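Novice: Please see the structure below; I have some questions.
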Amino acid sequence: MKIDEIEMMHLRMPLRSPFETSFGRSVTRDCILLVVKADGLEGYGECVADWEPGYCSETVGTSWHILQEFILPQVHQAEFVHPSDLREKVQWIRGHRMAKAGLEMALWDLYGKQNQRSLKELFGGTRSKVEVGVSVGVQESPTKLVEVVEDYLRQGYQRIKLKIKPCRDVEDVKAVRKAFPDLRLQVDANSAYTLETASVLFPLDDLNLLLIEQPLDEEDLWDHHLLQKQLKTPICLDESILSLRHAQQALEMQACRIINIKAGRVGGLTEAIAIHDHCLSGGVPVWCGGMLETGVGRASNLALASLAGFTLPGDISATDRYYEEDITQERFVLNADSTIDVPTRPGLGVTLDLRVIEKVRMGIFSTRNLVK
Ligand code: OSB
Ligand code: MG
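Residues 1 to 372 in our numbering are what the sequence shown spells out, letter by letter.
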């Protein structure tokens, strides 16, 4: 396929309720929507970098800059045989994985549409619905947290992740565990502790958690190894794993026992699948993380999580957990067994709702404006 035009839009989506983590509190979620046009078809991609550099160093601003100045001019009017061709083309650009991943997603969507195959089929996914859970932000009190969790359980979610931060950890998690003794429960610290301060988390080890996600800084792989030695509960890495090589090295040094895979964080779906394949062959459980995606990124996450090695429930909730109105005409709903269906139509299997996009759009750029 030869790319005719690439368009990108900065979107600011109002969240249905504020989302608080150890790195901050959001009332809106920004992203960049990419639209790649070729052979009369359109492919959609979502760059998941946030407005602020709290989760990772990439932001909407850095991604926009890298896409506008380097990636789009290079790829505009280029020939592609396969979406994974992008990796080689942009390898010279250091880092900026979320920017690259956003465009790669759009190429996958386009490729699927051209070949009349869903992403699930292209990836060799084995399941038609995916087990999911909710990532619950820090609430004003443990009592409020229990109420919020109870509400999600009533909606049918069977796995809950609690965001924790210093001074809002053990007491909150204990309250939820006491209220729901058999709940599949896990926590995510988003790098808020150090090896020294993480000792406050030791009581969590007796609460039968599925995993403890990213307790320490993203660069502290060895400290995660030292911490894992002191815990029965598996440590799961999110922020620390930016590539297949990181995944291999983290597992080799026993810095974690589980990996959270996010295509955006690792530079795209191709790399995400490679990490999945490596973990599957080594018997390491993986699950699909979330970045409060719109319907575009959510469809991509569902296709990824349809792969056999995704044996733990993903952070992929129904559309109404995040947004009153989404930018896709499709809304994702929770099934009674705490699953969400994997899209079956070609590519991502979603169509855009231009009326909503109009409302949430902050900026737009097109390669049409580039002079060659
Ligand atoms: O650490 O998993 C994370 C959202 C934004 C940034 C980082 C994370 C998250 C979540 C939300 O936990 C997961 C979701 O999309 O529901
Ligand atoms: Mg996380």
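Quick reminder that beta carbons are idealized off the backbone N, C-alpha and C, glycines included. Quick caveat: nothing in here was measured; it's all calculated off a predicted structure.
1) Comparing alpha-carbon positions, which option in Val-284, Leu-302 and Ser-281 lies nearest Met-291?
2) Does the distance between the C-beta of Gly-289 and the nearest non-hydrogen atom of the ligand OSB fall short of 7 Å?
3) Hey, would you say Glu-239 sits closer than 8 Å to Glu-271, going by beta carbons?
4) Please tell me whether Met-8 and Leu-33 are closer than 8 Å, where the distance is taken between their beta carbons.
5) Classify Tyr-157 as helix, strand or coil using the three-state DSSP reduction.
6) How many angstroms separate the CA atom of Ser-135 from the CA atom of Leu-227?
7) What residue range is occupied by the uninterrupted beta strand (DSSP E) comprising Tyr-44?
8) Using DSSP with H/G/I as helix, E/B as strand and the rest coil, what is Gly-264?
9) Under the assumption that Arg-110 contacts Gly-347 (Cβ atoms under 8 Å), give the Cβ distance between them as a whole number of angstroms.
10) What I want to know is whether the C-beta of Tyr-157 ends up closer than 7 Å to one or more non-hydrogen atoms of the ligand OSB.
11) Considering only C-alpha positions, which residue in the set Phe-332, Val-170 and Val-360 is nearest to Met-13?
12) Under 7 Å from any heavy atom of the ligand MG, does the C-beta of Asn-301 make it?
13) Does the beta-carbon of Tyr-152, which I'm using as the reference point, lie nearer than 7 Å to any heavy atom of the ligand OSB?
14) At a cut-off of 7 Å, would you count Glu-213 as near the ligand MG, judging by its Cβ distance to the nearest heavy atom?
15) Need the endpoints of the alpha helix (DSSP H) that Gln-186 sits in, please.
16) So, with DSSP's three-state summary, where would you put Met-105?
17) Along the chain, where does the alpha helix (DSSP H) that runs through Val-176 open and close?
18) Closer than 8 Å is the cut-off here; do at least three beta carbon pairs connect the segment 87 to 100 with the segment 320 to 340?
19) Hey, is Leu-292 close to the ligand OSB, as in C-beta under 7 Å from one of its heavy atoms?
20) Between the segment 73 to 87 and the segment 147 to 158, do three or more beta carbon pairs fall short of 8 Å?
21) Quick check on the DSSP output: what are the complete beta strand (DSSP E) runs of length 3 or more inside the segment 237 to 282, in order along the chain?
22) Under DSSP, the alpha helix (DSSP H) around Leu-60 begins and ends at which residues?
23) Helix, strand or coil, according to DSSP, for Phe-202 in the structure here?
24) Given a threshold of 16 other Cβ atoms within 10 Å of its Cβ, counted over all protein chains shown, does Gly-125 qualify as buried or as exposed?
25) If you follow the alpha helix (DSSP H) that Gly-297 is in, where does it begin and where does it stop?
Specialist: Taking the structure as given:
1) Leu-302
2) yes
3) no
4) Yes, the Cβ-Cβ distance between Met-8 and Leu-33 is below 8 Å.
5) coil
6) 23 Å
7) 41 to 47
8) coil
9) Contrary to the premise, residue 110 reads as Leu rather than Arg in this sequence. Yes, they are in contact, since the Cβ atoms of Leu-110 and Gly-347 sit about 7 Å apart, within 8 Å.
10) no
11) When each option's Cα is compared against that of Met-13, the closest is Val-360.
12) no
13) no
14) yes
15) For Gln-186, no alpha helix (DSSP H) encloses it; the enclosing beta strand (DSSP E) starts and ends at 184 to 188.
16) helix
17) 170 to 179
18) no
19) Correct: Leu-292 has its Cβ closer than 7 Å to the ligand OSB.
20) no
21) 258 to 261
22) The amino acid at residue 60 is misidentified as Leu; the sequence shows Val. Run containing Val-60: 60 to 66, per the alpha helix (DSSP H) assignment.
23) helix
24) buried
25) 295 to 305
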